[in-house]
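**Student:** Here the sequence shown is numbered in the numbering used here, starting from 42 and rising by one per residue.
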Amino acid sequence: MKATLTILCENSVGVPFDVLGEHGFACFVETDTGNYLFDTGQGYTITQNALTLKKDLHSIEAIMISHGHYDHTGGLPAVLKQKGPVDVLGHKEMFAQRIWSKDGVTRDIGIPFRRSYLESLGARFKLGTEMVEVGPGVYLTGEIPRQSSFEQGDAAMTLITGNGDKIQPDPLLDDLSMLVDTDQGLVIVLGCAHAGMINIINYAIDQLQTDRIFAVIGGTHLGFSTDQQFEETLKVIDNYNIQHIGVSHCTGLEKASLLHARLGKRFFFGTVGAVLEG
């Protein structure tokens, strides 16, 4: 299967005309059998960027949500208003109430809309924990087993449970990734990789029974990684001879520059307007 992946929302822009950056992520996927949208950014730029990059949001077969954070779900109303009724796939915990707290600053980082409002705009939520084949050769991973000891969660992110009176570390079990099985190999698209990039890669290989990985693109969360996690991630990239690494969003400039130095031409910035042909 041939596929074209275009970054619609990201922190920075990679083309010079009429696109906008925002803290968030969204990827438009075109395949031989249909088009799909993975994440929606915060909502400030997805409409403008889709128009400029000539990606028709009305054409999508489904929306996939990597996890329930505002910077991946905030554009849902804008997309739904263009598309109308459409399946929205994600994890059953994606509407959990989430808080980020650090250095005396606290803010709500969960989905900024009620489920009922999104459903009124046409969202047909299909939420679960198992891997789903959304279309021919296009998969949403489902819940990722956490097996590596060094890919840890973010202590600043917490989950509100019970009647709103209990706060606990957020395991972000709803962190999902998209897999596209192309003629050139598997493309793994990460939202934020809260589950750990190595865990995600290993799970994709195990589930689809292939270690032929053409590319990994999206938010790697390596911007928050320890030295051990970063080095182990590089080992996995080399062990599977991953041909392209396109980093976005939560990778951070420091880790992105280190990746570029180590990977050379295999590396690219997954900015707004970046395109991967698979």
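Ideal Cβ placement from N, Cα and C applies to all residues, glycine included.
Please classify F136 as buried or exposed, where buried requires at least 16 other C-beta atoms within 10 Å of its C-beta.
**Tutor:** When all chains shown are included, F136 counts as buried.
**Student:** Is I185 closer than 8 Å to N240 when the C-beta atoms are compared?
**Tutor:** Yes, the Cβ-Cβ distance between N240 and I185 is below 8 Å.
**Student:** Starting from N76, trace the beta strand (DSSP E) both ways and give me its first and last residue.
**Tutor:** Counting along the chain, the beta strand (DSSP E) containing N76 begins and ends at 75-79.
**Student:** Among all the DSSP beta bridges, which residues are the ones paired with C50?
**Tutor:** Paired residues: A67.
**Student:** With 16 as the cutoff for other CB atoms within 10 Å, does L294 come out buried or exposed?
**Tutor:** Label assigned to L294: exposed.
**Student:** Taking only runs that begin and end inside the segment 264-317, name each unbroken alpha helix (DSSP H) of 4 or more residues, in chain order.
**Tutor:** Taking only runs of at least 4 residues, the alpha helix (DSSP H) segments lying wholly in the segment 264-317 are 268-280, 294-304.
**Student:** Specify the secondary structure class of D128 as computed by DSSP and reduced to three states.
**Tutor:** D128: strand per DSSP, three-state reduction.
**Student:** Count the other C-beta atoms from every protein chain shown that fall within 10 angstroms of the C-beta of T30, then say buried if there are 16 or more, exposed otherwise.
**Tutor:** Outside the shown range of the chain, which is 42 to 319, sits residue 30, and nothing can be said about it.
**Student:** On the criterion of 16 or more Cβ atoms from any shown chain inside 10 Å, does H99 qualify as buried, or is it exposed?
**Tutor:** Exposed, because fewer than 16 other Cβ atoms sit within 10 Å of the Cβ of H99.
**Student:** Buried or exposed: which applies to K96, given that a residue is buried once 16 or more other Cβ atoms fall within 10 Å of its Cβ?
**Tutor:** Result: buried.
**Student:** Anyone know if the C-beta pair for L46 and L217 falls short of 8 Å?
**Tutor:** No, Cβ-Cβ distance for L46 and L217 is not below 8 Å.
**Student:** Work out the CA separation of D252 and H326 for me, nearest whole Å.
**Tutor:** It is not possible to answer for residue 326, since the shown part of the chain is limited to 42 through 319.
**Student:** Reducing DSSP to helix, strand and coil, say where P210 ends up.
**Tutor:** Strand, per DSSP.
**Student:** In the structure shown, what three-state DSSP assignment does D247 receive?
**Tutor:** Note: D247 maps to helix in three-state DSSP.
**Student:** How is the beta strand (DSSP E) around I87 delimited, first residue to last?
**Tutor:** Run containing I87: none in the beta strand (DSSP E); it sits in the alpha helix (DSSP H), 87-93.
**Student:** How many whole angstroms separate the CB atoms of L220 and T182, which I take to be in contact at a CB cut-off of 8 Å?
**Tutor:** The pair is a contact, with the Cβ atoms about 6 Å apart (cut-off 8 Å).
**Student:** Can you tell me the Cβ-Cβ gap for L231 and F255, rounded? I've got them flagged as a contact below 8 Å.
**Tutor:** Not quite, the Cβ-Cβ distance comes to about 14 Å (not below 8 Å), so this is no contact.
**Student:** Kindly list the residues whose CB is nearer than 6 Å to the CB of C291, restricted to its own chain and excluding five residues on each side of it in sequence; keep chain order.
**Tutor:** So the list reads C233, G260, H262, G264, once near-sequence residues are dropped.
**Student:** Measure the alpha-carbon distance for V54 versus A315 and round it to whole angstroms.
**Tutor:** In a straight line, the C-alpha of V54 is about 8 Å away from that of A315.
**Student:** State the start and end residues of the unbroken beta strand (DSSP E) segment that holds T114.
**Tutor:** Taken as a continuous stretch (DSSP letters only), T114 belongs to no beta strand (DSSP E), being part of the alpha helix (DSSP H) at 111-114.
**Student:** In whole angstroms, what separates the C-alpha of D247 from that of F58?
**Tutor:** The alpha-carbon atoms of D247 and F58 are separated by roughly 41 Å.
**Student:** With three or more C-beta pairs closer than 8 Å as the rule, is the segment 105-124 touching the segment 64-73?
**Tutor:** These segments touch.
**Student:** For the putative contact between T81 and V127, defined by C-beta atoms under 8 Å, what is the C-beta separation to the nearest angstrom?
**Tutor:** So it is not a contact: roughly 12 Å between Cβ atoms.
**Student:** Going by beta-carbon coordinates alone, are V129 and A164 separated by less than 8 Å?
**Tutor:** Yes, the pair counts as a contact, with Cβ atoms nearer than the cut-off.
**Student:** Just list the alpha helix (DSSP H) runs in the segment 114-183, keeping only unbroken ones of 4 residues or longer that don't cross its boundaries, in chain order.
**Tutor:** Correct list: 117-124, 156-161.
**Student:** Quick check on S100: does DSSP put it in helix, strand or coil?
**Tutor:** S100 falls in the helix class under three-state DSSP.
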